[in-house]
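Notes follow the structure.
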Amino acid sequence: MLGDLWKLFLENKKALAGLLILLFFVGVALFAPWIAPYDPRGNKLVDQEVLEESRGRKQTVERTQLDEFTEERIYDQTFTTRTKETTVKFPLKSPPTSKHLLGTTHSGQDIFSQVVWGTRVSLSVGLVTGLFTTLVALTLALSAGYFGGRVDEVISLFTNVFLVIPSLPLMIVIAAYITVRGVVPIILILGLTSWPWPTRLLRSQVLSLKNRDFVRVAASLGEKPGFIIFREILPNMISLVMASFFQSTMAAIIGEATLEFIGLGNVSVVSWGTLLYWAQTNGALLSGAWWWFLPPGICIALIGTSFALMNFAIDEISNPKLRKR
Amino acid sequence: MRNSESSKQVLLEVRNLQAGYEVKKGFVGAVDDVSFCLHKGEFLGIAGESGCGKSTLAFAIMNLLRDNARIRSGEIDFQGRLVSALSGEGFNKIRWVNLSMVFQSAMNALNPVLKVGEQLCDAIHAHRSISAQKAKERAQQMLQLVDIGPERYDSYPHQLSGGMKQRVMIAMALVLEPQLVIMDEPTTALDVVVQRTIIEKIQELQQQLDFSVIFITHDLSLLVEISDRLAIMYAGKIIEEGPAQDVFSHPLHPYTHGLMNAFPSLSGPIRRMGGIEGKPPDLLDPPKGCRFFPRCSQVMDRCANTYPPEILFEGDHRVACHLYQGKGDIQNG
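See below:
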């Protein structure tokens, strides 16, 4: 059955286009070291060439006769290497050239390499957070919606409390206090603030499905709750689950960019967000250095497009009524 | 009158069943002190207007009452076993295996994202551990039984017509070969032509597979045609029950009279339809005496105060009405 759905997915033009865009970015993220021409943090190219190696004379320092047949000697010997080091400094704030496809930053780093390496961080933050959020939201929604009663009350209470907390200010506050370096704190912050909305959304869908007649029939057949949840209810809301996955992934990518952009992330990490941060602090917008601030934005937009395209397709596939025949 | 001999084996016996809905203001007695007997292979029709407790009765028998609905008292015997005392788990073992149900709206009773064949297989697998291949064969066989080609196994519910969906639901109810099938208004959403084919199919299957049917509907003319026995419900009570033809041609209760006058006959003179004045009582606070007395054309003094005893006439035709006090063939107060 899953194989059939996968085939339907690939036959769908929108889905295929979306999938290709996503695969392109995943490929860029995976093969970043081979794609990026330079180190994303370096601002010069250092080339070393060994011209001459000379070996000094051996000079015995110590000599011991152990016995009649064995002798031990300790030498001193010097090696001299003559090396030619060529350092090519990258130009600062250069517009695109053949050497630097997207120009360079204020400190001379290659922007193209930064965009390539940034894909890795931005995409993984987005996908990990999206997956985490969706799994948490789905678990909570299914338990709250299906079991109802106390379970529902407790889950709904927490969801509602978290829902009214404005997420961006909370993100800023948490980000300001966390001292751990790297992207893990960003993932945690984004994950913590993004689950309430999809939880509410999915819960109401579970509630509505739970009271449909076919679920009633399944229950009267004596099916176990697990069967009813995963065979009867879940397949009816796949499109919503996937939509909320895409939405939270997108929100995480944008959220990461936002946090980095306002300088609350770790500015030494290379991501689309830090790219925008450095572009902003160095007046790229004012000086019209489009090659600096535009590429990260375009990448984010392309990922969004890819998700939207796949979402349309999943809508069509998961609902037999919308399938084209 | 295929199976009305009283020598027949009793399949289901409902004794003094009280069921209803717990609400803030009290208890809505949707089924109040209902007793009846269903024999093996019998087709019992239960008729009554909306809200008279027909569906509650069906769900109570199936042990499917939900939320605030519950059985207050009474006993249900099925195949000589007191099933009303069974736990939820215990009832799960016999529901659908021994007694099954066709729900009101087939449109919603099928899962829209699963193939109809798979849903039949799920029903089989819920109670029988057989191979997937065997289950599929059985499902296709069931589809064929209700005149749906086995190639429809791979169809999704929206690709079937309303009548086909209802027939799939009937196949689903019969897939485990139960002895009793309760049909809760199975043809309400269909037009008369489709309704007719479904009814004929049910009758044909009943003769073929020999199961008993409780058929619930508000469509009295339909019931008269297809049932062996007919029970008329009013405001939670069975007010008259007997062989279908008997009830039709000699209605005893004034309410049954009213109902029979309320639908036109195809042959015979054209006349103005008579209705029944007023509206059914509030089940939260039903009248103390006969439930029907405020609307009854032949009301007497005692109707308002005492609920009429059940009076049994020849041919197992019983009625609960003061009009017949002392006139019954057998008195069973």
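Protein chains in written order, with the numbering used here: chain A, 61 to 385; chain B, 1109 to 1441.
Ideal Cβ positions, reconstructed from N, Cα and C, are used throughout, including at glycine.
Please read these numbers as outputs of a predicted model, since none were measured by experiment.
Among the residues of its own chain, which have a CB less than 8 Å from the CB of residue i, if the five just before and after it don't count?
i: Cys1461 of chain B; result: What the structure shows of chain B is the stretch from 1109 to 1441, and residue 1461 of chain B is not part of that stretch, so it cannot be assessed.
i: Leu126 of chain A; result: Glu132
i: Pro1389 of chain B; result: Ala1343, Pro1395, Arg1399, Pro1402
For residue i, collect the residues of the same chain with a Cβ closer than 6 Å to its Cβ; drop the 5 residues on either side in sequence, then sort them by chain order.
i: Arg123 of chain A; result: Arg133
i: Met1291 of chain B; result: Val1210, Phe1323
i: Pro256 of chain A; result: Thr219, Phe222, Leu223
i: Ile289 of chain A; result: Leu202, Tyr206
i: Thr259 of chain A; result: Ala197, Leu200, Ala201, Thr219
i: Val1355 of chain B; result: Leu1338
i: Asp1318 of chain B; result: Gly1149
i: Gly1137 of chain B; result: Gly1128, Gly1344, Leu1391
i: Ala1231 of chain B; result: Met1280, Val1283
i: Phe1167 of chain B; result: Leu1173
i: Thr147 of chain A; result: Lys104, Val106
i: Val1191 of chain B; result: Ile1184
Could you name the residues that DSSP lists as bridge partners for residue i?
i: Asp1175 of chain B; result: Asp1175 of chain B pairs with nothing; no bridge assigned.
i: Ala1155 of chain B; result: B:Thr1325, B:Ile1340
i: Gly1067 of chain B; result: Shown here, chain B extends from 1109 to 1441; a query on residue 1067 of chain B therefore has no answer.
i: Gly1350 of chain B; result: B:Leu1338
i: Ala1240 of chain B; result: BP columns for Ala1240 of chain B are empty, so no partner.
i: Cys1145 of chain B; result: B:Glu1121
i: Arg1260 of chain B; result: Note: Arg1260 of chain B sits in no beta bridge, so no partner.
i: Lys1345 of chain B; result: B:Tyr1342
i: Gly1134 of chain B; result: B:Val1131
i: Lys104 of chain A; result: A:Lys149
i: Phe85 of chain A; result: In DSSP, Phe85 of chain A forms no bridge with anything.
i: Met297 of chain A; result: Paired residues: none, contrary to the question.
i: His1425 of chain B; result: B:Phe1421
i: Leu1288 of chain B; result: B:Leu1207, B:Ser1320
i: Lys144 of chain A; result: A:Glu109
i: Asn139 of chain A; result: For clarity, residue 139 of chain A is Phe in the given sequence; the question names Asn instead. A:Arg115.
i: Val1301 of chain B; result: Per DSSP, none; premise fails for Val1301 of chain B.
i: Glu283 of chain A; result: For Glu283 of chain A, which the question treats as bridged, DSSP gives no partner whatsoever.
i: Val1139 of chain B; result: B:Ala1127
i: Glu122 of chain A; result: A:Ile134
i: Thr164 of chain A; result: A:Asp170
Give the C-beta separation of residue i and residue j to the nearest angstrom, bearing in mind that I take them to be a contact with Cβ-Cβ under 8 Å.
i: Ile95 of chain A; j: Trp352 of chain A; result: Going by Cβ atoms, the distance from Ile95 of chain A to Trp352 of chain A rounds to 19 Å, so no, they are not a contact pair.
i: Ile246 of chain A; j: Glu292 of chain A; result: Wrong, their Cβ atoms sit about 38 Å apart, outside the cutoff.
i: Val185 of chain A; j: Ile313 of chain A; result: 7 Å
i: Thr1325 of chain B; j: Glu1293 of chain B; result: 5 Å
i: Ile1340 of chain B; j: His1358 of chain B; result: Between His1358 of chain B and Ile1340 of chain B the Cβ distance is about 13 Å, and since that is not below 8 Å, they are no contact.
i: Leu269 of chain A; j: Val275 of chain A; result: 6 Å
i: Leu1194 of chain B; j: Gln1287 of chain B; result: No, Leu1194 of chain B and Gln1287 of chain B are not in contact; Cβ-Cβ is about 16 Å, not under 8 Å.
i: Thr140 of chain A; j: Val110 of chain A; result: The Cβ separation is near 11 Å, so there is no contact.
i: Val175 of chain A; j: Pro355 of chain A; result: 5 Å
i: Gly168 of chain A; j: Asn103 of chain A; result: 3 Å
i: Leu183 of chain A; j: Phe321 of chain A; result: Going by Cβ atoms, the distance from Leu183 of chain A to Phe321 of chain A rounds to 17 Å, so no, they are not a contact pair.
i: Asn342 of chain A; j: His166 of chain A; result: 4 Å
i: Leu324 of chain A; j: Ala236 of chain A; result: 6 Å
Near residue i, what residues of its chain come up, given a Cβ to Cβ distance below 7 Å and the 5 sequence neighbours on each side ignored?
i: Ser264 of chain A; result: none
i: Pro1250 of chain B; result: What sits at residue 1250 of chain B in the sequence shown is Met, not Pro. The residues are Leu1228, Ala1279, Leu1282, Val1283.
i: His1235 of chain B; result: Trp1204, Val1205, Leu1284
i: Ser1114 of chain B; result: Since pLDDT at Ser1114 of chain B reaches only 45, below the 50 mark, its modelled position is unreliable, and the value read off the structure follows with that caveat. Within the same chain, Ser1114 of chain B has close Cβ partners Asp1424.
i: Leu364 of chain A; result: The question names Leu, yet the displayed sequence has Gly at residue 364 of chain A. Counting only Cβ-Cβ distances below 7 Å, and skipping sequence neighbours, we find Met310.
i: Gly178 of chain A; result: Val330, Ser331, Trp332, Leu335, Pro356
i: Asn1440 of chain B; result: Here Asn1440 of chain B scores only 49 on pLDDT, less than 50, and its place in the model is too uncertain to base an answer on.
i: Leu70 of chain A; result: Leu76
i: Ser366 of chain A; result: Gly78, Ile81, Leu82
With hydrogens ignored, establish whether the beta-carbon of residue i is closer than 7 Å to any heavy atom of the ligand SAM.
i: Ile1290 of chain B; result: Only the bare structure without any ligand can be found here, which leaves the ligand SAM out of the picture.
Margin query: Any contact between the region 1272-1291 of chain B and the region 1217-1227 of chain B? By contact I mean 3 or more CB pairs, one from each, below 8 Å.
Written below: yes
Checklist line | Residue ranges of each alpha helix (DSSP H) within the region 170-213 of chain A, 4 or longer | finding: 171-207
Item checked: Contact between the region 1153-1171 of chain B and the region 374-381 of chain A (3+ Cβ pairs under 8 Å) -> no
Check: Are the region 1341-1348 of chain B and the region 1178-1189 of chain B touching, with three or more C-beta to C-beta distances below 8 Å?
Finding: no
Notebook entry, point to check: If you pair each beta-carbon of the region 79-91 of chain A with each one of the region 1125-1143 of chain B, do three or more pairs fall below 8 Å?
Noted result: no
Note to self: Beta carbons nearer than 8 Å to chain D: which residues of the region 1147-1172 of chain B have them?
What the structure shows: Within the model displayed, chain D is absent; protein chains A and B are what it includes.
Check: Would the region 1387-1405 of chain B and the region 1415-1432 of chain B be scored as touching if the rule is three or more Cβ pairs under 8 Å?
Finding: yes
Notebook entry, point to check: Can you give, in chain order, each stretch of the beta strand (DSSP E) that sits fully within the region 1184-1223 of chain B and has at least 3 residues?
Noted result: 1207-1210
Margin query: Contact between the region 1151-1159 of chain B and the region 1327-1337 of chain B is defined here as three or more beta-carbon pairs at a separation below 8 Å; is this criterion met?
Written below: yes
Item checked: the region 1181-1199 of chain B touching the region 1243-1257 of chain B, judged by at least three CB pairs closer than 8 Å -> no
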